[in-house]
Amino acid sequence: MNTIDIDRILSQFEIIGQVQSVAPLGEGLINDTYRVATAGDQAPDYVLQRINNAVFQDVDLLQHNIEVVTAHIRRKLEAAGTDDVERKVLQLVKARDGKTYYRDDEGRYWRVTVFIPDSFTHQAVTPQSAFDAGKAFGQFEQMLVDVPEQLGETIPDFHNMELRMRQLREAAQRDAVGRLDAVRGIIDELERDADWMCQAERLYREGKLPKRICHCDTKVNNMLFDSQGRVLCVIDLDTVMPSFIFSDYGDFLRTGANLTTEDDPDESHVGFNAEIFKSFTTGYLESALSFLTPIEVEHLPYAVALFPFMQCVRFLADYINGDTYYKVKYATHNLDRARNQLALYRDVRRHDAMMADFINKLL
Numbered sequence: 253m254n255t256i257d258i259d260r261i262l263s264q265f266e267i268i269g270q271v272q273s274v275a276p277l278g279e280g281l282i283n284d285t286y287r288v289a290t291a292g293d294q295a296p297d298y299v300l301q302r303i304n305n306a307v308f309q310d311v312d313l314l315q316h317n318i319e320v321v322t323a324h325i326r327r328k329l330e331a332a333g334t335d336d337v338e339r340k341v342l343q344l345v346k347a348r349d350g351k352t353y354y355r356d357d358e359g360r361y362w363r364v365t366v367f368i369p370d371s372f373t374h375q376a377v378t379p380q381s382a383f384d385a386g387k388a389f390g391q392f393e394q395m396l397v398d399v400p401e402q403l404g405e406t407i408p409d410f411h412n413m414e415l416r417m418r419q420l421r422e423a424a425q426r427d428a429v430g431r432l433d434a435v436r437g438i439i440d441e442l443e444r445d446a447d448w449m450c451q452a453e454r455l456y457r458e459g460k461l462p463k464r465i466c467h468c469d470t471k472v473n474n475m476l477f478d479s480q481g482r483v484l485c486v487i488d489l490d491t492v493m494p495s496f497i498f499s500d501y502g503d504f505l506r507t508g509a510n511l512t513t514e515d516d517p518d519e520s521h522v523g524f525n526a527e528i529f530k531s532f533t534t535g536y537l538e539s540a541l542s543f544l545t546p547i548e549v550e551h552l553p554y555a556v557a558l559f560p561f562m563q564c565v566r567f568l569a570d571y572i573n574g575d576t577y578y579k580v581k582y583a584t585h586n587l588d589r590a591r592n593q594l595a596l597y598r599d600v601r602r603h604d605a606m607m608a609d610f611i612n613k614l615l
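Anchor point for the sequence shown: position 64 equals 316 in the numbering used here, and the numbering is continuous, going up by one each time.
Here it is as structure tokens:
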């Protein structure tokens, strides 16, 4: 992207001050992000993002969700007399037409937020950062329990386990590239537990399990910290939408509590980190227990198992389909990922009793 493009795009937004420089920011895999520095001390810096509308196809809905959520959090913080509110919630900058995004002549979508100064992200998951993440994401959900309007799903059925099993079965039936025979054993093992893993959707249809406004991408680097290591706010709000709280609780632990990376081909490295589970759960329940229902709390161990199971299903379906969704670096990359997540699922299930006991003691 050249300077002329950036100048033209930034000119569509109601920013204050003279742009001094633009540089890439962060390591996001979905959107292109830039820090926009302004001259002098009177104007704030900004964050410019290109929204990936191949992933988020309804940009108007996406931005409306973020507008509603950030405005609601801001009101909650101000009502509570919170100090330094400007650094504790994202602030969207309006385009010249009054929207919070701009569509350029090439059909690309852009948005601008105010850069939060003296803020940092962390990549490492430690017991302390896991506790901080649990508390922050629980507080995030707690502030949004009374959002005054229904939000839409920015990625429909993102964490729908019934849908993911249907996709796996359809992939196996097609066997598009002749890989089915090599993975029948994995499919058989997944099918044995599939009915149990799909219980969230059934409980929802029965009116027993609520959907709430969740973040749905609860990684430790989706929080900003101040220089003292205190959490400022939750960021990367593209996936904020109605979901089961299992999405926020279980998906953090899928990545944060695995002893290795999700594509490590050596299954002997895979394991469930109980210390990270305990730290995250302690922080999460400290802030979320005030609104969780008994059935949500009871099913937290299920949520921990759900997400490696779901991700195994997704990786395996993509492998059978010929690697059409996830980027791969070698022929069996998705298969290695699937086996990795299945190994994690097995180890999580070995901790079922421990998890339930730990949660009961916290209560």
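C-beta: ideal position from N, C-alpha, C; glycine also.
- For Pro494, the enclosing beta strand (DSSP E) has its first and last residue at 493 to 495.
- For the pair His467 and Ala295, the Cα-to-Cα distance works out to about 30 Å.
- Residue pairing of Asp284 in beta bridges, as defined by DSSP: Arg302.
- In the three-state scheme derived from DSSP, where H, G and I count as helix and E and B as strand, Val366 is classed as strand.
- When only Cα atoms are considered, Leu511 and Leu505 end up about 11 Å apart.
- The DSSP-derived three-state label of Asn510 is strand.
- As the crow flies, the alpha-carbon of Ala605 is around 17 Å from that of Thr534.
- In its chain, beyond the 5 residues on either side, Gly502, Asp503, Arg506 have a beta carbon closer than 6 Å to the beta carbon of Phe559.
- In the DSSP assignment, Tyr354 forms a beta bridge with Trp362.
- Look at the beta carbons and you see the stretch 519 to 529 touching the stretch 593 to 611: at least three pairs across the two are nearer than 8 Å.
- Distance between Gly459 and Thr545, taken at the CA atoms: about 12 Å.
- Looking from the CA of Asp515, the closest CA among Asp447, Glu453, Gln451, His585 belongs to His585.
- Following the DSSP letters along the chain, one finds Ser273 inside the beta strand (DSSP E) bounded by residues 271 to 276.
- By the CB criterion at 8 Å, Arg348 and Arg566 fall outside the cutoff.
- Per the C-alpha coordinates, the member of Thr406, Leu403, Ala446, Pro408 positioned closest to Arg421 is Ala446.
- Contact annotation: the stretch 396 to 413 touches the stretch 306 to 314, with at least three C-beta pairs closer than 8 Å.
- Within the same chain, Val320 come within 8 Å of Glu401 by CB-CB distance, once the 5 residues on both sides are set aside.
- The C-alpha of Thr352 is placed about 50 Å away from the C-alpha of Asp433.
- In the DSSP assignment, Cys564 falls within the alpha helix (DSSP H) that extends over 552 to 573.
- At the C-beta level, Phe372 and Tyr298 stay beyond 8 Å of one another.
- Around the beta carbon of Thr334, a 10 Å sphere encloses fewer than 16 other beta carbons of the protein chains shown; the residue is thus reported as exposed.
- For Val486, the uninterrupted beta strand (DSSP E) run begins and ends at 483 to 486, by DSSP.
- Look at Leu476 here: in three-state DSSP terms it is strand.
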